[in-house]
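Read the structure below first, then the notes.
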Ligand SMILES: C[S@@+](CC[C@H](N)C(=O)[O-])C[C@H]1O[C@@H](n2cnc3c(N)ncnc32)[C@H](O)[C@@H]1O
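Residue numbers (our numbering): 124 to 409.
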C-alpha cells in the first residue's frame, strides 16, 4: 500500500523480514534495507531484536540504527497510566524519533518479524506516520505459514474456514471458536498455554493439534500439543490445527482428488480474531 506523499523528503517503509530464516526475506525487502539511511526495529527490554537478527547481514555500512525498546512486556509497570499508558507513551516517543529522521530527509526502514500488518508492532508506527510521510508496506512471510510448512500438512482446502486466534482469549471463547472452524492457528502462547490446551481438548481438537516452536529458525522443533511441557513454552511458538484433521474426514484418496483444485478464492472465510501488542521434539524439520 502506498499512502499519498507529502512534501517531506524521507521515505518510510514497514518491511516484513519473515519468520526467522533470512532466506525467507523477499527481494523487495532486501533492496529497501540495503538502501536505507535509518534501520529501526523493536526489541523487548534486555533482549536482542529478533527482526534485527534476521536481517542484519543486509544492513549497509553507515546506516543509523534505531532500537525501539518496549518499556514493559507484561501488565506490570509503575507508569501512572498502567500498561496501556506506558505503551501509549512509548509509541508516541518512538514515532517522534522516526519522524525526526524523516524530517531530515532520511529514508527509514522499520523491520517487522513476519508480516508488518499481521499482529506486527509496525502498525503502531504506521498509525502515527503514514498520513504525514510517503509510506510503503512490504509484506513478509508470516510465522504461521512457516509453521505449517514445517509440519508439512495442508492447512485449509476449498471451502475450509481458517481461524487465527490469540492464546490470550478467555478459555471458553477459545473452545467455542475452535469447535466452530476447520483449520486454526493459535498464536501468543507462553503463559496462556495450559488454558489453550484445555480449550483444544474441550473442542475435541487436541488429538491433531501440533505445537511449533521457532519455525524456520535453526532450532525449530514441533510435537503434538498433548506432549508439550507447559513450563517451557517460548514466545516464538504457535499451534497449528489443520482443516484435514477435523474428524479425520479426508482419506489420502480424497486429498489426492482435490489436490491442485483449491485456491484462495475457494475459501469462504478467513477469520482473524484480534491480538494485542507485544514484543514479546521432539521432532526435527524434514
Ligand atoms: C506479535 S505476533 C507477530 C506476528 C508476525 N507479524 C507474523 O507475521 O507472523 C508474535 C507471535 O507470532 C508467533 N511467532 C512469531 N515468530 C514465530 C516463529 N518463528 N515460530 C513460531 N511462532 C512465531 C508467536 O505466536 C508469537 O507470540
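The beta-carbon is built from N, C-alpha and C at its ideal position, and this holds for glycine as well.
Own chain, CB closer than 7 Å to residue i, minus 5 neighbours either side, in chain order
{"i": "residue 274", "result": "333, 335, 345 and 363"}
{"i": "residue 279", "result": "285, 305, 306, 366 and 390"}
{"i": "residue 325", "result": "298"}
{"i": "residue 294", "result": "318, 321 and 322"}
{"i": "residue 240", "result": "246 and 260"}
{"i": "residue 361", "result": "266, 267, 270, 308, 309, 310, 312 and 335"}
{"i": "residue 153", "result": "181"}
{"i": "residue 369", "result": "305"}
Neighbourhood of residue i by C-beta distance below 6 Å, restricted to the same chain and skipping five residues each side
{"i": "residue 292", "result": "none"}
{"i": "residue 290", "result": "309, 311, 312, 315 and 319"}
{"i": "residue 160", "result": "229 and 230"}
{"i": "residue 276", "result": "365"}
{"i": "residue 283", "result": "305, 306 and 366"}
{"i": "residue 178", "result": "140, 156 and 234"}
{"i": "residue 359", "result": "337"}
{"i": "residue 145", "result": "177"}
{"i": "residue 200", "result": "206 and 209"}
Reduced DSSP category for residue i - H, G, I as helix; E, B as strand; rest coil
{"i": "residue 202", "result": "coil"}
{"i": "residue 275", "result": "coil"}
{"i": "residue 162", "result": "strand"}
{"i": "residue 168", "result": "coil"}
{"i": "residue 244", "result": "coil"}
{"i": "residue 381", "result": "Interpretation of residue 381 is limited by its pLDDT of 40, a score under 50 that renders its predicted location unreliable; the figure taken from the coordinates is listed afterwards. In the structure shown, residue 381 sits in a helix (DSSP, three-state: H, G or I)."}
{"i": "residue 353", "result": "coil"}
{"i": "residue 404", "result": "Summary for residue 404: the model assigns pLDDT 38, below 50, so the residue's position carries little reliability; its value from the coordinates is reported in the next sentence. DSSP places residue 404 in coil when its eight states are reduced to three."}
{"i": "residue 141", "result": "strand"}
{"i": "residue 333", "result": "strand"}
{"i": "residue 339", "result": "coil"}
{"i": "residue 177", "result": "helix"}
{"i": "residue 239", "result": "coil"}
{"i": "residue 133", "result": "coil"}
{"i": "residue 156", "result": "helix"}
{"i": "residue 229", "result": "coil"}
{"i": "residue 344", "result": "strand"}
{"i": "residue 367", "result": "helix"}
{"i": "residue 305", "result": "coil"}
Classification of residue i by the beta-carbon crowding that lies within 10 angstroms, buried from 16 upward
{"i": "residue 341", "result": "exposed"}
{"i": "residue 302", "result": "exposed"}
{"i": "residue 236", "result": "buried"}
{"i": "residue 226", "result": "exposed"}
{"i": "residue 180", "result": "exposed"}
{"i": "residue 137", "result": "buried"}
{"i": "residue 352", "result": "exposed"}
{"i": "residue 378", "result": "Below a pLDDT of 50, predicted positions are generally treated as unreliable, and residue 378, at 46, falls in that range; the measurement from the model is reported next regardless. Exposed, since its Cβ has fewer than 16 Cβ neighbours within 10 Å."}
{"i": "residue 270", "result": "buried"}
{"i": "residue 209", "result": "buried"}
{"i": "residue 343", "result": "buried"}
{"i": "residue 150", "result": "exposed"}
{"i": "residue 354", "result": "exposed"}
Neighbourhood of residue i by C-beta, 8 Å cutoff - its chain only, sequence neighbours within 5 removed
{"i": "residue 349", "result": "320, 329, 330 and 332"}
{"i": "residue 174", "result": "140, 164, 165, 234, 235 and 236"}
{"i": "residue 168", "result": "192, 193, 194, 195 and 196"}
{"i": "residue 172", "result": "164, 165, 166, 190 and 234"}
{"i": "residue 211", "result": "204"}
8 Å contact criterion, which residue i and residue j should meet: CB distance rounded
{"i": "residue 246", "j": "residue 221", "result": "The Cβ separation is near 14 Å, so there is no contact."}
{"i": "residue 231", "j": "residue 224", "result": "5 Å"}
{"i": "residue 147", "j": "residue 264", "result": "5 Å"}
{"i": "residue 256", "j": "residue 133", "result": "6 Å"}
{"i": "residue 238", "j": "residue 262", "result": "5 Å"}
{"i": "residue 156", "j": "residue 188", "result": "Residue 156 to residue 188, Cβ: 12 Å. No contact."}
{"i": "residue 338", "j": "residue 185", "result": "Contact doesn't hold; Cβ gap of about 33 Å is too wide."}
{"i": "residue 218", "j": "residue 251", "result": "4 Å"}
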